[in-house]
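Asks:
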Amino acid sequence: MSNHNRNPKGKNQHGVIPSADDNTLVDALTKYHREKLSSNTKIAARLAAEHNIYMSESSVKRRRKELGLTGSGPTTRALPFAVKEQLVVNQMNKDPAKRHGVNTIMQKVAFHEKIHLTKKFVSDIMHLHDNDAFDTREPFAKRIHRVPKHPIGIHERWSGDGHDKLYKIGFPIWAMVDDATGKWLGAWVVPSNRMGEIVAYLFLCIVEKYGGLPLQSTTDCGSETTKLFGLMNALRAIFHPDFDPDEVLPAHVYLRSVHNISIERSWLRLRLDWGDNVVLFFNRGIEDGFYNPSNVQQFELCQWLWPKLLRTELAEFMEFRNGVRMRTDKNKPGPSGMSRNEAFCMPEAWGGRNCLLPIDVAVVREIKEAMGGDELLEFVTPEFSARAQEVYDSLNLSELTLDNIWHVFRAMVPLLFV
């Protein structure tokens, strides 16, 4: 036996490993667990990429165990049947439109409850409680011929568009996604997604958030995108004059909606996972006599209260979808078999790179301020908003949800309009 000590100083190659009560580590591991990420190898890689925490796979496994973050098999075996059944049923009850399949319910249990259940168990419970819903989810959409994308990296292209499915209840949406990874970069409930000033302002919000521009942005050719077109071209010309649009990528490209693939696919999931249910819950308020849209006072309160909830729910939806694992497709160029968060924070894992064009965000902030700031995004006047917030706070609510919003609305009306 050799007497040679390969580590005479006894130092771990990964440096000091955070303890199980380290807040940054706990938050990161909990986030990954809510994304249903259970691979210790992938978790170690994301800890390094996102938090500069370097841990071996065995250390990650040990910390997860100490925090009670176990996989679906052991968890499903350990939980009492009634408890794990109720976890599935709770998520089914949040989906009156019956759009959520087994994978979505499984992901939502992980996201909301931080508990992993096996696919078989979730499927069995869903069949037991609502077998007919499986038939209603059979795909029937007309297929459009798609040309495969060959992405070179994140921030190569941002894809933006408006979503009108909630326009029928008065709350349109505008959003942008990263074309290569499908990651939601930002989404907003706005008074109108057909006003150029609002669309351009939201684009600048994303530029400020990431500290730079994509190589290219894409939208449909609606008149509301002309200001975005001008801003994208101007900012790239000012901060990166070396980019010749004739030799490199044009700064902005107009596409038909059906060919603006990344954002259109994202809208489908938004509608199925969230939007259809929002419309059902909203209309229940009218059907049950809580809300009369013809009443001017009630309409104004609705325009304050519902965006408050929908913006919170939309942010939660984005967080959820960005953490869902994409299916593995070995023939697909770009990322697959990983979440959008993974693909975005570690582009090298799928052969990509970071294409962001850095700019001075102070200039962006000045432009946003000159455009009117966040007041552009408000549905009601600042004066009414302040009064409504005061009444809302007096109710001492723990949470505003789709289940209780109309009851909150009814409680606020006599307090606000005396």
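Sequential numbering of the sequence shown, starting at 106, is according to my numbering.
Even for Gly, the Cβ is constructed at its ideal location relative to N, Cα and C.
(1) Buried or exposed for Val304, please, with buried defined as at least 16 other CB atoms from any protein chain shown within 10 angstroms of its CB.
(2) Going along the chain, which unbroken runs of the alpha helix (DSSP H) with 4 or more residues stay wholly within the segment 321-356?
(3) From the DSSP output, in three-state form, read off Gly574 for me.
(4) Could you tell me the distance, in whole angstroms, from the CA atom of Lys435 to the CA atom of Gly442?
(5) May I ask you to list the residues that DSSP assigns as paired with Arg370?
(6) Would you call the segment 192-200 and the segment 147-158 touching, i.e. three or more CB-CB distances under 8 Å?
(7) Between Ala133 and His156, is the Cβ-Cβ spacing less than 7 Å?
(8) CB Arg416 to CB Val496, shorter than 7 Å?
(9) Could you say if the segment 173-185 and the segment 130-144 meet the contact criterion of at least three C-beta pairs nearer than 8 Å?
(10) Which residue or residues does DSSP assign as beta-bridge partners of Asp283?
(11) Who are Tyr359's beta bridge partners in DSSP?
(12) So, do the segment 276-289 and the segment 444-458 have three or more beta carbon pairs nearer to each other than 8 Å?
(13) Within the same chain, show all residues whose beta-carbon is closer than 8 Å to that of Trp279, passing over the 5 residues directly before and after it, in chain order.
(14) Quick check: the Cα distance between Gly317 and Arg374, rounded to an integer number of angstroms?
(15) Are there 16 or more other CB atoms within 10 angstroms of the CB of Gly456, so buried, or fewer, so exposed?
(16) Within 10 angstroms of its Cβ, does Ala246 collect 16 or more other Cβ (buried), or is it exposed?
(17) Thinking C-alpha only, which one of Pro438, Thr129, Asp235, Lys203 is nearest Tyr159?
(18) Over the uninterrupted beta strand (DSSP E) stretch that includes Val294, give me the two end residues.
(19) To the nearest angstrom, report how far apart Thr330 and Asn382 are at their CA atoms.
(20) Can you tell which of Arg458, Arg430, Asn397, Ile343 has the C-alpha that lies nearest to the C-alpha of Glu447?
(21) If you draw a straight line from the C-alpha of Lys270 to the C-alpha of Phe226, how long is it?
(22) Using the three-state DSSP reduction, which class does Ser444 fall into: helix, strand or coil?
(23) Determine the direct distance from the alpha carbon of Val282 to that of Glu343, and round the result to whole angstroms.
(24) Would you grab the beta carbon distance between Leu309 and Lys473 for me? Rounded to a whole angstrom, and I think it's under 8 Å.
(25) For His357 versus Phe334, is the C-beta distance shorter than 7 Å?
(26) Is Lys247 helix, strand or coil when you go by DSSP?
(27) If I'm right that Gln402 touches Tyr396 with Cβ under 8 Å, what's the distance once you round it to whole angstroms?
(28) Locate the alpha helix (DSSP H) running through His234, then write down its first and last residues.
(29) Measuring only the C-alpha atoms, how far is Lys437 from Ser367?
Replies: For this structure:
(1) buried
(2) 331-344
(3) This structure cannot speak to residue 574, because the chain is shown only from 106 to 523.
(4) 9 Å
(5) Bridge partners of Arg370: none, in fact.
(6) no
(7) yes
(8) no
(9) yes
(10) Trp263
(11) Thr324
(12) yes
(13) Gly265, Asp266, Gly267, His268, Ala292, Trp293, Val295, Asn298, Ile303, Val304, Leu307
(14) 27 Å
(15) exposed
(16) Summary for Ala246: the model assigns pLDDT 47, below 50, so the residue's position carries little reliability, and this model does not support an answer.
(17) Thr129
(18) 289-294
(19) 29 Å
(20) Arg430
(21) 33 Å
(22) strand
(23) Before going on, a small fix: residue 343 reads as Ile here, not Glu. Distance between the alpha carbons of Ile343 and Val282 is about 24 Å.
(24) 5 Å
(25) yes
(26) Its pLDDT being 48, under 50, Lys247 is placed unreliably by the model, and nothing is read from it.
(27) Between Tyr396 and Gln402 the Cβ distance is about 11 Å, and since that is not below 8 Å, they are no contact.
(28) 224-235
(29) 14 Å
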